[in-house]
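Residues in the sequence shown are numbered from 77 upward in steps of one, following this note's numbering. Structure first, then comments.
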Amino acid sequence: MSMMRKRTSLYKNNQALKKKWRKKAFRMWKKHIRGAFFTQSVFLITDRKNHIYNRRNVVKWRKRKFAENGETADLEKEETNMYFGVQMYGVSKEWKQDPEGFLKKIYEAGYRQIEPCLGFRVDARDYGFWIPEDLEQAMPLLAKYHIEVHAVHIFLDEYHYERELAILTELAQKYHISWFVVKSPARLTKDVLDETAARYRELAEELEKAGAGLLIHNEKEDICIRVNGKTAYEYLLEACGEKVGAEVDVGWMYCGGVDPEEFLWAHADRVKAVHYKDMKITGQEAPLGKGMVDLKACFQFARANGALQIVDMDAATLEDTCRAGKMLSGWTGDRDNTDSILCTMDVETGEETVLHEFPGIIEAPNWLNDGNTLLYNADGKIYRYEIDKDHVEQVDTGFCVQCNNDHIPSPDNQLLAVSCMPPELTDGTYESHIYVLPMTGGEPKDLTGPGLSYLHGWSPDGKELAYCAFRKKPEEETMRIEICTIPSDGGEEICLTDGKGYNDGPEYSPDGKHIWFNSTRSGLMQVWRMNRDGSGLTQMTDFDANNWFGHVSPDGKHVIYLTFAKGELEPNEHLPNMYVSLGMMDYDGQNKKKVLDLFGGQGSINVNSWAPDSRRIAYVKYVLHHK
């Protein structure tokens, strides 16, 4: 189910003009503004417009390292968290005043991480830093509010290096800290950078033994200064080698005269974390979204590459920080630079076949009975894709041209049912009605009328449709999200669920005896099954994740479902452009296993995507690319 919001050409044009203005202002800034360390330079960065397919996340890296060492680790909580983190330096006062209140507020704003600055002298606290004891003491409270520490800035004392390294390795192993972050040296000469690189390589090797990695954070100065034709920051990264990654502060990158978006994509293989900082054209820090940095483009890079995302404002209030978190959360559904890859997979062999790559967004593939044709939606319309001919054509859906990703062919493939915005609504309000029309084209028939109804299933006997319905009784204040059915030729709506939880994705079993659906009634989103009349409610998945859209194979033997990691979104959310997995289980719920990891989510398998042979599934992967 997807509530589509049509983007007008005016909106797109405004966005394009805004980006053009930003780039023009940036060129003016480079030409006319001189900071203390600013030097005029040209970009040496090539524009990488190729897609990034590989997931680079700390979980896989750490699992590999533990396996190499013959060890095991409790990695249940180590899914890459695409929510955002807070760099603690700028909000240290608010933290000290009320740690629990601070965590409660940032959690509500969408944050799931913090990034402390760690010093090893007691007086480090005077500068807004933590000492190791502070981190130890904070961990129980952080766990209470489901806040994790994936990265920590460190300030090592070369005279006590061995002792401090021992502390870091202990923290890494005890709290599963994935990255420790250092800075460039104060003097940015070639000799000093070479010495620093040698020291950082040694440090990275030692941290690797503890399952952690080393990142270098840039400042303005190491972007301004040039060494051997590169920025000092680039020179240091190259000298350190591949074991040392980058934590890019996009605000300081901009202030130093380099376009952050260009830098991120040019060094995508090294960037493991992104710091969000915004700058005014005068070189002063601005609240996030109020300055000249194209933060949205940087955000899309971070999502595409699985990089940690940290809000870093040196002079922020807690209110500023919470506002920034909500702003970033609002960008998670933006898909302006998304392309789609239509795939199939043999569930017995695990072999994946790429059928077609599409510019822009397509969603929800499902099969026709010939085993060669897939339906999908794109830009509010329904399309037919013939596999053997690699051919696409639009399906004639009459006035239904604002369809979402809930389309179902009838069992005999003679009819097509869609969820669609009614054409008569022109006042800005949103509704989703269910329409049925001939597969060859014709007048759509409205079955459900006013309200929000999202189609998911057609009974095997052809007599009934099942859907998710947003309904509100006159005596109730809150909206219920129920599973309902209606005769496929029109008639009375029957509600099968009882108002508990968020209920979605209903789909009939091949024999018509059961309806499978997903619900939050037990807390997280899980896959459930009930009898066709709503009785016999049974929970079919119960593990610590959010599981959506249980699709039953035509032979009734297996069920495919979509899994979002716990903590990456709310249980009732299913967003696009997320790292997700496809799971499979037997019809009775036994033998659960993961069959595929992918960058997808909303739109990947919204409707039943099993081929008629019960061996192949179809799905959509998404790719974020450099504009």
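We treat Cβ as the ideally placed atom computed from N, Cα and C, and that holds for glycine. Please read these numbers as outputs of a predicted model, since none were measured by experiment.
Is the CB-CB distance between N682 and A378 below 8 Å?
no
The region 335-351 in contact with the region 638-650 per 3-pair CB rule at 8 Å
no
Looking only at its own chain, which residues have a Cβ that is under 8 Å from the Cβ of T516, when we skip the five neighbours before and after it?
D472
Pull up the DSSP beta-bridge partners for K348, would you.
Answer is none; K348 lacks a bridge partner.
Comparing alpha-carbon positions, which option in G177, D210, K548 lies nearest V191?
According to the sequence shown, residue 191 is Glu rather than Val. Nearest option by C-alpha distance: D210.
I believe P586 touches C544 by the beta-carbon criterion, under 8 Å. Please report the beta-carbon distance rounded to the nearest angstrom.
Not confirmed; about 21 Å, so no contact.
With DSSP run on the structure shown, which of helix, strand or coil describes V699?
strand
According to the Cβ coordinates, are Y203 and S416 closer than 8 Å?
no
Got a sec, what are the start and stop residues for the alpha helix (DSSP H) Q249 sits in?
237-251
How far does the alpha helix (DSSP H) with W328 in it extend, from its first residue to its last?
326-331
Measure the alpha-carbon distance for D270 versus A362 and round it to whole angstroms.
34 Å
Beta strand (DSSP E) runs contained entirely in the region 335-401, provided each spans 3 or more residues
347-352, 384-387
Span separating the alpha-carbon of E568 from that of W592:
21 Å
Starting from A641, follow the beta strand (DSSP E) in both directions and report where the run begins and ends.
634-641
Mind reading off the beta-carbon distance from V320 to P336? Whole number of angstroms is fine, and I expect it under 8 Å.
About 20 Å separates the two Cβ atoms, so there is no contact after all.
When DSSP labels each residue in this structure, what does M601 get in the three-state scheme?
coil
When you compare only the Cα positions, how much space is there between Y459 and L674?
23 Å
Inter-residue spacing [alpha-carbon to alpha-carbon] between L720 and T596
Lying outside 77 to 703, the shown extent of the chain, residue 720 is not represented and no answer is given.
For the region 459-468 against the region 487-496, do three or more pairs of beta-carbon atoms, one drawn from each stretch, fall closer than 8 Å, so that the two count as touching?
no
Kindly identify the DSSP beta-bridge partner or partners of H229.
C193, V257
Taking the alpha helix (DSSP H) that L34 falls in, what are its first and last residues?
Since the first residue shown for the chain is 77 and the last is 703, residue 34 is missing from the structure and cannot be characterised.
One question on the structure: do V423 and I693 come within less than 8 Å of each other, judged by their Cβ atoms?
yes
At what residues does the beta strand (DSSP E) containing Q163 begin and finish?
160-163
When the Cα of E282 is compared with those of P435, E240, R691, which residue comes out closest?
E240
With a CB to CB cut of under 6 Å and the five nearest residues on each side skipped, what residues in its chain are close to F578?
The question names Phe, but residue 578 in the sequence shown is Tyr. Hits under 6 Å: I557, T596, N648.
Distance, E295 Cα to R302 Cα:
13 Å
Taking all protein chains shown into account, decide if N607 is buried (16 or more other Cβ within 10 angstroms of its Cβ) or exposed.
exposed
Using the Cα positions of S564 and V628, report the straight-line distance between them to the nearest angstrom.
21 Å
Which partner residues of M606 appear in the DSSP bridge assignment?
I591
Go through its chain and collect everything with a Cβ distance to D631's Cβ below 8 Å, but skip five positions before and after it.
P586, S690
Please determine, among M329, P688, L541, the residue with the shortest C-alpha to C-alpha distance to D370.
M329
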